[in-house]
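Chains A and B, in that order, give the protein sequences.
At position 167 of the first sequence (counting the first as 1) the number is 167 in the working numbering, and the numbers step up by one without a gap.
To convert, count from 1 in the second sequence and add 1000; that's the working numbering.
The beta carbon of each residue, even a glycine, is placed where N, CA and C say it ideally should be.
Number of protein chains: 2
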Amino acid sequence: MNESQSVILIDDETDLLKALRRLLKAEGFQVACHTSAAEFLAAARPPSPGCIVLDESMPGMTGLDLQRELVAEGSTLAIVFLTARGDIPMSVRAMKAGAVDFLTKPVKDKDLISSIRMGLKKSADLELNKNEVDLLRGRFETLTDREREVLKFVTQGLPNKQIAASLGLVEQTIKVHRSRVMTKMRAESLAQLVVVAERLGITSQES
Amino acid sequence: MNESQSVILIDDETDLLKALRRLLKAEGFQVACHTSAAEFLAAARPPSPGCIVLDESMPGMTGLDLQRELVAEGSTLAIVFLTARGDIPMSVRAMKAGAVDFLTKPVKDKDLISSIRMGLKKSADLELNKNEVDLLRGRFETLTDREREVLKFVTQGLPNKQIAASLGLVEQTIKVHRSRVMTKMRAESLAQLVVVAERLGITSQES
DNA sequence: AAGTCTATTATACCTTGGTCAAACGGGCTA
DNA sequence: TAGCCCGTTTGACCAAGGTATAATAGACTT
């Protein structure tokens, strides 16, 4: 299970990187190091359940910039900030953007490790959830327009007869669409279909 | 709609309280002032969609203490910290505990007001959600043990026949319970019942 | 002891959901 | 153009859900 113990260190101070790497490896983590945000982005994406330990003040892209970038692309990596020249507004911004923690140098080994474990837990949870949703979305995309329409009505609890009336069709037609929806979404019951629809945020909007 | 614009100022510096009160009243907020956390707790609970502007460093109970207290009792009040002697760990703790913002004195009027508006929005959302869940929980509590059991199975998508078998009963019995559940929970369809069960976190645990 | 609440079962009937088989039409390919 | 796939539609038939009424029985209250 070492795959789920992946830590990415990003800091422009190479001495610190070395020291932290040794510490974290000794703790049993998989460790990757980068000396800038750009270098990290250029590298192949790390195994996704993982935690980034990030310095805020770096030449080029700052830690907050990188965080914004990762959030924007829906990354499931957790971020622990570790910085020397931080201030309150900076930490608040980081936390608002979803950072797991915002630590200041020098940091106690215990604190850093504790935060990293928290981050790994969070990342694993996010990853798990994302995978599930992706799977469901994939199935949803195999539905035809009609089927999506019927899915929407069905998960709102409308009976077939009413759905048919709304769409100007006969009840039997709805039944067939409904059946296909169940098959394609791999739902074994209406109850399951409803929770799936909830997770996909299917309400009424969009085309 | 001024009820939903309620701000509670808690700070031991009375001069600041006065100044902020004037500012916020001019902005159209309902303002209440307290000079300590204890005084606030002793007072009647303010209208619940509201935002607390809280100083961290006060004699007696600190801001973080009060925040912990409010979180523990499930308050829907939002909290904006406003403090002079703050540091990063303090701000991080506050944000982790769900503060809307952590501002430092002196603060720009614009920033404070912006945070307060954010807090009011958040509080209103929490309040709305809490009211809904409370309503549903109230209905759930009118169910008998058997009915809750049946509710659990039904919202998992099991057909009556199987539920009956699981409980060593006849299908008709389940139908009766099921019908009562629908009535008591005021659900008009299985779909609605399922989402209600989701919001109540009904899965399988507890007695 | 009478009354209330809950749980259980039964009968009967109606409504709704689910599956099977099949027809129709548009668009694409050989 | 003929054949084919896909999406859509429909009818016939069977299974499951929902309602109404009623009866029995235990637990608890007054």
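Residue i burial status per 10 Å Cβ neighbour count (16 or more: buried)
i	result
residue 1186 of chain B	exposed
residue 43 of chain A	exposed
residue 1020 of chain B	buried
residue 176 of chain A	exposed
residue 28 of chain A	exposed
residue 1188 of chain B	exposed
residue 179 of chain A	exposed
residue 1073 of chain B	exposed
residue 1172 of chain B	exposed
residue 1164 of chain B	buried
residue 115 of chain A	buried
residue 1205 of chain B	Its pLDDT being 47, under 50, residue 1205 of chain B is placed unreliably by the model, and the measurement read from it follows with that caveat. Exposed: under 16 other Cβ atoms inside 10 Å.
residue 1155 of chain B	buried
residue 1056 of chain B	buried
Where residue i sits in the DSSP three-state scheme
i	result
residue 1008 of chain B	strand
residue 145 of chain A	helix
residue 1163 of chain B	helix
residue 1150 of chain B	helix
residue 1001 of chain B	For residue 1001 of chain B, the predicted structure reports a pLDDT of 45, less than 50, and the residue's modelled location is therefore unreliable. A value from the coordinates is still provided. Residue state, collapsed to three classes: coil.
residue 1133 of chain B	helix
residue 1110 of chain B	helix
residue 1203 of chain B	coil
residue 105 of chain A	coil
residue 1158 of chain B	coil
residue 1043 of chain B	coil
Which listed residue (the options) has its alpha carbon closest to that of residue i
i	options	result
residue 64 of chain A	A:76, A:83, A:49, A:48	A:83
residue 1007 of chain B	B:1061, B:1019, B:1051, B:1110	B:1051
residue 1039 of chain B	B:1102, B:1194, B:1016, B:1011	B:1011
residue 1143 of chain B	B:1197, B:1034, B:1110	B:1197
residue 61 of chain A	A:37, A:171, A:78	A:37
residue 1013 of chain B	B:1005, B:1023, B:1033, B:1025	B:1033
residue 1035 of chain B	B:1116, B:1015, B:1162, B:1195	B:1015
residue 5 of chain A	A:167, A:166, A:149, A:117	A:117
residue 1149 of chain B	B:1166, B:1133, B:1134	B:1166
residue 76 of chain A	A:58, A:90, A:45	A:45
residue 90 of chain A	A:67, A:107, A:47	A:67
residue 58 of chain A	A:25, A:18, A:9	A:9
Distance CB(residue i)-CB(residue j) smaller than 8 Å
i	j	result
residue 136 of chain A	residue 199 of chain A	yes
residue 100 of chain A	residue 130 of chain A	no
residue 1080 of chain B	residue 1041 of chain B	no
residue 1202 of chain B	residue 1151 of chain B	yes
residue 157 of chain A	residue 1190 of chain B	yes
residue 1078 of chain B	residue 1120 of chain B	yes
residue 1125 of chain B	residue 1023 of chain B	no
residue 49 of chain A	residue 127 of chain A	yes
residue 147 of chain A	residue 181 of chain A	yes
residue 1092 of chain B	residue 102 of chain A	yes
residue 113 of chain A	residue 1104 of chain B	no
residue 1096 of chain B	residue 1139 of chain B	no
For this session: Report the residue ranges of all alpha helix (DSSP H) runs contained in full by the stretch 13–41 of chain A; include only those spanning at least 4 residues, in chain order.
Result: Counting only runs of 4 or more residues that sit fully inside the stretch 13–41 of chain A, the alpha helix (DSSP H) segments are 14–26, in chain order.
For this session: Would you mind listing the alpha helix (DSSP H) stretches within the stretch 1048–1103 of chain B that are 4+ residues and don't spill past its ends, in chain order?
Result: You should have 1063–1072, 1088–1096.
Problem set entry | In chain order, each alpha helix (DSSP H) run of at least 4 residues that lies wholly inside the stretch 168–199 of chain A | Taken in chain order, the complete alpha helix (DSSP H) segments of 4 residues or longer contained in the stretch 168–199 of chain A are 171–184, 190–199.
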